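Working notes for the structure below.
Numbering (mature numbering (1 follows the signal peptide of the UniProt record, and there is no 0)), first residue to last: -28 to -1, 1 to 339.
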């Protein structure tokens, strides 16, 4: 708030910061006057508001018990809902309780003025000089709406894409929508630093997979799945007894670090193989529930990770019709990662994926 002009009155005359003031005559009746002024403040939409205030005046020879009130007023432009009510009492000069009213002014208007006519209990009326208030210094511009700030990223493993997004501006949270090329769609509006991630499983390795990232409905990025060479270094087979990992480094490869762990073991299985070496790693699983196993492969130039979801064999049970139902067939690998092409995608959740990614990266750093 700034008080643009201040009215100064004297017995001989007045000047209001360059504006002509009301002339006070020697007559006691003509000495009557009120004080009024305005201050301006910018609004968010670029308009500005003038707060007009008024009090009774003071002058020599003023009668005891004399009271003043608003007779009428005029302003430049329009005032929604009125400014000062006719007949409203004028607070005493110097009072902290002033008569107030507001006027909203368009952004393209540089200044406005108020003229107040007052009437006192002795019947005297007085119309003051216009009091002019200008826009706040520098003018008023619309406040820009906050825009979302965000970051997005992705990572690729042997059988899918992990897509992640996060909001960075708490004043404008964006909604993220992930849409895969095979029709899967997920949307969420995370809080700042909460993050939103989703794993998209590649159903057809030959066809591949892409994921569009939309921010508030606008396409921002498209991530493509690609097959990594290191995916051929590890193959997995599954049976009712558990999982069997075959780790192989080709003759023209480089020294390679392998790490395998499950959600029921405390320590990882670690192997370091040289070019041309291969090892079979059985992982026995004695569980009536599904088990999560993960792997990490790293060479001096690249790394890859992935996950395997093992499901226990079901016993044959009679169907409602009395005909034995067929025992489900567990997938086995014909290529490096065929075992992944099962129900893993539906079971991968964002929290688990974040945990595994962090764990893998920590493992890589420790190694």
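Glycine residues also receive a C-beta, built at the ideal position from the N, C-alpha and C atoms. As the structure is a prediction and not an experimental result, all values here were calculated from the model.
Neighbourhood of residue i by C-beta distance below 6 Å, restricted to the same chain and skipping five residues each side
{"i": "residue 17", "result": "114"}
{"i": "residue 30", "result": "65"}
{"i": "residue 278", "result": "129, 130, 267"}
{"i": "residue 167", "result": "138"}
{"i": "residue 79", "result": "18, 19, 112"}
{"i": "residue 76", "result": "19, 21"}
{"i": "residue 254", "result": "216"}
{"i": "residue 212", "result": "285"}
{"i": "residue 246", "result": "227"}
{"i": "residue 283", "result": "262"}
Cα-Cα separation between residue i and residue j, rounded to whole angstroms
{"i": "residue 178", "j": "residue 275", "result": "22 Å"}
{"i": "residue 135", "j": "residue 286", "result": "34 Å"}
{"i": "residue 67", "j": "residue 7", "result": "11 Å"}
{"i": "residue 147", "j": "residue 141", "result": "12 Å"}
{"i": "residue 170", "j": "residue 161", "result": "13 Å"}
{"i": "residue 133", "j": "residue 210", "result": "23 Å"}
{"i": "residue 137", "j": "residue 121", "result": "11 Å"}
{"i": "residue 100", "j": "residue 93", "result": "18 Å"}
{"i": "residue 98", "j": "residue 28", "result": "11 Å"}
{"i": "residue 269", "j": "residue 145", "result": "37 Å"}
{"i": "residue 5", "j": "residue 11", "result": "20 Å"}
{"i": "residue 56", "j": "residue 159", "result": "53 Å"}
{"i": "residue 232", "j": "residue 244", "result": "12 Å"}
{"i": "residue 175", "j": "residue 193", "result": "21 Å"}
{"i": "residue 248", "j": "residue 118", "result": "58 Å"}
{"i": "residue 252", "j": "residue 182", "result": "33 Å"}
{"i": "residue 88", "j": "residue 69", "result": "18 Å"}
{"i": "residue 58", "j": "residue 32", "result": "27 Å"}
{"i": "residue 163", "j": "residue 172", "result": "22 Å"}
{"i": "residue 45", "j": "residue 124", "result": "59 Å"}
{"i": "residue 281", "j": "residue 185", "result": "27 Å"}
{"i": "residue -6", "j": "residue 35", "result": "Annotation note: pLDDT 35 at residue -6 (below 50); position unreliable, coordinate value reported separately. Approximately 20 Å, taken between the alpha carbons."}
{"i": "residue 256", "j": "residue 207", "result": "16 Å"}
{"i": "residue 242", "j": "residue 143", "result": "47 Å"}
{"i": "residue 106", "j": "residue 72", "result": "18 Å"}
{"i": "residue 1", "j": "residue 43", "result": "In this prediction, residue 1 has a pLDDT of 48, which is less than 50 and means its spatial position is unreliable; what the coordinates show is noted afterwards. Spanning the two alpha carbons is a distance of roughly 16 Å."}
{"i": "residue 238", "j": "residue 149", "result": "36 Å"}
{"i": "residue 214", "j": "residue 116", "result": "60 Å"}
{"i": "residue 289", "j": "residue 230", "result": "Reliability fails at residue 289, whose pLDDT of 44 lies under 50, so the model's placement of it is uncertain and the value that follows must be treated cautiously. The straight-line gap from Cα to Cα measures roughly 40 Å."}
DSSP-derived helix/strand/coil call for residue i
{"i": "residue 201", "result": "helix"}
{"i": "residue 265", "result": "strand"}
{"i": "residue 3", "result": "helix"}
{"i": "residue 243", "result": "strand"}
{"i": "residue 212", "result": "coil"}
{"i": "residue 273", "result": "coil"}
{"i": "residue 178", "result": "coil"}
{"i": "residue 41", "result": "strand"}
{"i": "residue 285", "result": "coil"}
{"i": "residue 140", "result": "coil"}
{"i": "residue 314", "result": "Residue confidence for residue 314 is low, a pLDDT of 34 falling below 50, so the modelled location carries little weight and cannot support an answer."}
{"i": "residue 150", "result": "strand"}
Same chain, Cβ closer than 7 Å to residue i, five either side skipped, listed in chain order
{"i": "residue 14", "result": "20, 108, 112"}
{"i": "residue 205", "result": "219, 220, 221, 228, 269"}
{"i": "residue 272", "result": "226"}
{"i": "residue 165", "result": "138"}
Cβ-based neighbour list, residue i, same chain, cut-off 8 Å, excluding 5 preceding and 5 following
{"i": "residue 201", "result": "274"}
{"i": "residue 235", "result": "263, 264, 265"}
Residue i Cβ short of 7 Å to the ligand ATP heavy atom set
{"i": "residue 118", "result": "Summarising the ligand content, the structure contains no ligands, and the ligand ATP is consequently not present."}
Does the structure place the region 121 to 130 close enough to the region 194 to 203 that three or more beta carbon pairs sit under 8 Å?
yes
Evaluate the contact criterion for the region 213 to 228 versus the region 138 to 156: three or more CB pairs, one atom per stretch, below 8 Å.
No: the two stretches stay apart, fewer than three of their Cβ pairs being nearer than 8 Å.
Tell me whether the region 184 to 191 and the region 255 to 265 touch, counting them as touching only if at least three CB pairs, one residue from each stretch, are closer than 8 Å.
These segments do not touch.
Does the structure place the region 26 to 46 close enough to the region 59 to 74 that three or more beta carbon pairs sit under 8 Å?
yes
Pairs of beta-carbons, one from the region 79 to 86 and one from the region 44 to 53, closer than 8 Å: are there three or more?
yes
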